[in-house]
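Residue numbers (this note's numbering): 7 to 170. We put the beta carbon where it would ideally sit given N, CA and C, even for glycine. Reading through the structure tokens given below for one structure.
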Amino acid sequence: GYRGRKFRLYKFRTLWADYDGEKDRKFMKAYINGKVNGHGEDDDRLAKFKPLHNKDVTRVGKLLRKFSLDELPQFINVLKGEMTLVGPRPNVLWEVEAYKPWHHDRMNVQPGLTGLAQILGRSDITFDDIVRYDIQYAKNQSPHMDTWIMFRTVKAILHGNGAG
């Protein structure tokens with residue numbers, strides 16, 4: 007959260023109940039360090055987020071992710087003041103532990119449901135690019151920028167270009 011504060015992030019479950027998250031943790035650490043591409047394979051290309059096919063996602067979960075509906079419970083976080091509508095996406099503790107020193111600058115603004123990185127790159131950019139967008143947002147945030155980001159987010163969701 008903001009300045010590294012911990013909070014419980016609400017989300018609909020989209021993975022099978024017996025899913026072991028160790029694979030995700032290894033992937034995210036490698037992704038943060040630029041060592042894998044978006045397909046979870048070692049590659050000389052820049053690392054991108056989200057494996058293309060994840061057999062651990064339920065059928066309903068795929069639909070929820072496609073339209074970013076798995077994020078709806080995070081409105082509770084917004085109402086509790088832990089998140090805002092627009093800001094960098096929050097990360098879990100084990101991801102933050104893998105950050106490069108400059109990555110921590112993204113936590114100088116309250117996390118949000120959507121952000122600049124989500125609309126400009128969605129799931130097809132490197133983690134370093136995500137952090138650069140988040141820092142750019144933190145330095146230039148304004149009501150006008152927030153409105154533009156929210157409009158672009160709604161457009162992406164309606165077209166089924168969700169983050170998953």
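In this structure Pro79 does not touch Pro96 by the C-beta definition: roughly 13 Å separates them, more than the 8 Å allowed.
Between the alpha carbons of Arg71 and Ile163 lies a gap of roughly 10 Å. Our two residues, Glu101 and Met89, have alpha carbons roughly 18 Å apart in a direct line. Taking 8 Å as the upper bound for CB-CB distance, Pro94 and Asp140 are in contact here, some 4 Å apart.
Put simply, the backbone Cα of Val66 is about 22 Å away from that of Lys161. The C-alpha of Lys41 lies about 13 Å from the C-alpha of Arg31. Beta-bridge partners assigned by DSSP to Gly118: Thr90. Taking Leu119 as reference, the option from Trp108, Phe13 and Val92 with the minimal CA-CA separation is Val92. Between Ala123 and Ile136 a beta carbon distance of about 4 Å is seen, short of the 8 Å cut, so the two are scored as contacting.
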